[in-house]
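Take a look at the structure set out below.
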Amino acid sequence: MKKRSMAFLLALAMIVVFAGCGGKSAASDEAEAGGEAASGEDIVTLTWQSYDSYDKYEKVVEAFEADNPDIKIEYEEVSDFATKILTEATADALPDLLNSNTGTTQILADAGVLEKFDIGELEADEDYKFADFWDAAAAYCTYEGEWYSLPLDGGNYGWVYNVDMFETAGITVPEEGFTWEEFEAACGKLLAVKDEIGIEYPTIFNDLSSSIDMMYPLIVQAGGSYLEADGGCAWNSEAAVAAFEWVQGLVGKGYIPPIEKLGDGYDALITKFNAGQIAMARVALWNSTYLEDSVNWKVMNAPRGNGGEQGEVLFLNGIGISSTCKNYEAALRFVKYVTSEKGLALYLEDNTSPQIAVRRSQAELSVSMFEESRNMQLFNTGLAYAGYVDLTPTFADQQTIIGQYFDEIWHNDADIQTTLDRMVEQLNGLLTQ
């Protein structure tokens with residue numbers, strides 16, 4: 001294990017999603033004691049720790065154990081995941097299997113906590129169909145060009161609109177999404193019938209704690225990227241400035257209210273949309289179940305810059321094998337099962353929380369709870385253009401710095417270019433580490 005990198009594990013506390021109290025699977029006492037399978041073979045017990053609740057995976061674990069009677073999975077839901085992993089890593093007492101979410105795969109890999117996968121072997125397995133994973137998954141599951149986790153699920157953002165309001169305003173939604181000019185034109189039409197349809201604004205741009213998640217796709221849509229070719233940060237480019245200026249222009253025209261921190265989080269936008277106070281909203285997939293059926297709503301593609309660029313934010317969960325796992329072949333068998341078409345189908349089909357189907361072939365499964373008329377599959381096809389800021393061991397620190405400088409622009413009226421220049425100077429210090 002890379003002891004020099006253990007400090008990076010502290011950053012886990014900033015980005016891991018904590019969930020509830022501990023729990024574990026119904027592994028038998030015989031299995032936990034290292035018993036025997038019906039065939040007489042020794043039973044291998046694999047420990048799996050996660051921030052997720054066991055009920056998300058119970059069905060697929062039971063199916064795996066039925067198909068593999070020589071392997072039992074002992075699942076533990078950890079309420080303080082970062083602290084637990086840090087303690088176990090220091091003591092060389094890691095579990096066999098670990099979940100990782102956006103940014104944590106890189107931190108854990110750098111610290112020597114995860115074993116890398118032999119992707120050549122996975123690609124050669126025709127039944128596994130490694131090539132079926134969305135390309136976007138690579139950025140979340142790799143570190144320094146090597147795969148340290150395999151994708152399980154995730155969530156991104158999409159745009160929903162009130163079909164009745166759009167029809168009243170005479171707006172046709174382009175199949176490929178509005179350009180910025182078309183978006184503004186739609187806002188103007190909605191504002192013109194504001195009193196008739198009862199809205200306060202055509203839409204709202206906002207975010208819970210900072211505007212990173214709001215601005216990332218807009219900067220991409222403006223033609224910008226987070227990194228330069230040399231690895232330095234590019235978020236003080238003309239494109240980044242243009243994205244901020246565009247949002248300021250929407251405020252000035254009355255199409256959106258001034259940017260503020262909504263105390264109720266992401267759900268505040270859904271509440272306003274459900275109440276008919278806005279005609280369209282950017283909604284996270286994991287919150288889409290709060291959209292009310294009483295509203296005639298539908299999903300549309302993310303806007304694209306006038307040059308045709310599209311972008312959205314994606315969060316992704318994966319699973320990896322610890323570097324201290326003593327039963328690697330058994331662990332690999334389970335990881336391949338849970339991330340295979342069969343395993344993911346079992347996981348997704350009865351999941352009450354919509355998830356991104358990380359395999360192209362299963363795009364419909366994650367949104368099967370919704371009527372086809374809602375166009376929810378666009379959340380999945382949006383993976384073709386979804387991403388996030390640089391996922392390196394300094395990911396959490398990058399988030400903190402970006403949030404601070406973006407807040408200066410929105411809440412302290414700071415000059416855009418000067419503020420972004422200062423932000424990039426700090427970020428470049430992190431990116432060279």
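In terms of our numbering, the sequence shown opens at residue 1 and continues consecutively.
Each residue gets a CB set at the ideal place from its N, CA and C atoms; glycine is no exception.
The structure displayed is predicted, hence computed values, not measured ones.
Three-state secondary structure (DSSP) of residue i
i: Q399; result: helix
i: V439; result: Residue 439 is absent from the structure shown; the chain starts at 1 and stops at 433.
i: G252; result: helix
i: G103; result: coil
i: N351; result: coil
i: A82; result: helix
i: E118; result: Before going on, a small fix: residue 118 reads as Asp here, not Glu. It is coil, neither helix nor strand.
i: E30; result: Bear in mind that a pLDDT of 42 at E30, under 50, signals an unreliable position, so the number given afterwards is only what the model happens to contain. Residue state, collapsed to three classes: helix.
i: F315; result: strand
i: Q49; result: strand
i: T418; result: helix
i: Q310; result: strand
i: L269; result: helix
i: V44; result: strand
i: A281; result: strand
i: W246; result: helix
Cβ neighbour criterion (16 or more within 10 Å) applied to residue i
i: P328; result: First, the residue type needs correcting, since residue 328 is Tyr and not Pro in the sequence shown. Exposed, because fewer than 16 other Cβ atoms sit within 10 Å of the Cβ of Y328.
i: D55; result: exposed
i: K72; result: buried
i: S438; result: Residue 438 is absent from the model: the chain starts at 1 and stops at 433.
i: G311; result: buried
i: G308; result: exposed
i: E30; result: Any answer about E30 is weak, because its pLDDT of 42 lies below 50 and its placement is not dependable; what the coordinates show is given next. Label assigned to E30: exposed.
i: D153; result: buried
i: T392; result: buried
Chain-order list of residues whose beta-carbon lies under 6 Å from that of residue i (same chain, five-residue window excluded)
i: F178; result: P303
i: N296; result: V163 and D164
i: F130; result: L122 and E123
i: N236; result: L420, D421 and V424
i: A138; result: none
i: V173; result: M300
i: L383; result: W134 and A136
Check whether residue i and residue j have beta carbons under 7 Å apart
i: E440; j: K116; result: The displayed coordinates of the chain run from 1 to 433. Any statement about residue 440 would go beyond what the structure contains.
i: I157; j: R359; result: Note on residue identity: the sequence assigns Tyr, not Ile, to residue 157. No, they are not a contact pair.
i: E181; j: N306; result: yes
i: I319; j: N99; result: yes
i: G103; j: F395; result: yes
i: T47; j: D80; result: no
i: G112; j: S322; result: no
i: E260; j: N274; result: no
i: Y255; j: P202; result: yes
i: N375; j: V313; result: no
i: A109; j: Y143; result: yes
i: L150; j: V367; result: no
Own chain residues within Cβ distance below 8 Å of residue i, not counting five before or after
i: Q362; result: E341, L344, A345 and L348
i: G170; result: K189
i: A33; result: With a pLDDT of only 42 at A33, under 50, the local geometry of the prediction cannot be trusted, and no value is derived from it.
i: A243; result: M215, L218, I219, Q221, A222 and G224
i: Q417; result: N236 and V241
Close-in-space but distant-in-sequence residues of the same chain around residue i (CB under 7 Å, 5 per side omitted)
i: F406; result: S210, S211, I212 and M215
i: Q398; result: V389, D390, L427 and L430
i: A414; result: E408
i: W410; result: S211 and I259
i: Q277; result: I199 and E200
is_contact[residue i, chain B] using C-beta, thresh 7 Å
i: L431; result: Looking for chain B here will not work: only one protein chain is present.
4-residue-minimum alpha helix (DSSP H) runs that sit fully inside the stretch 355-410, ordered along the chain: 378-381
For a minimum of 3 consecutive residues, which ranges assigned as the beta strand (DSSP E) are wholly contained in the stretch 123-167? 150-162
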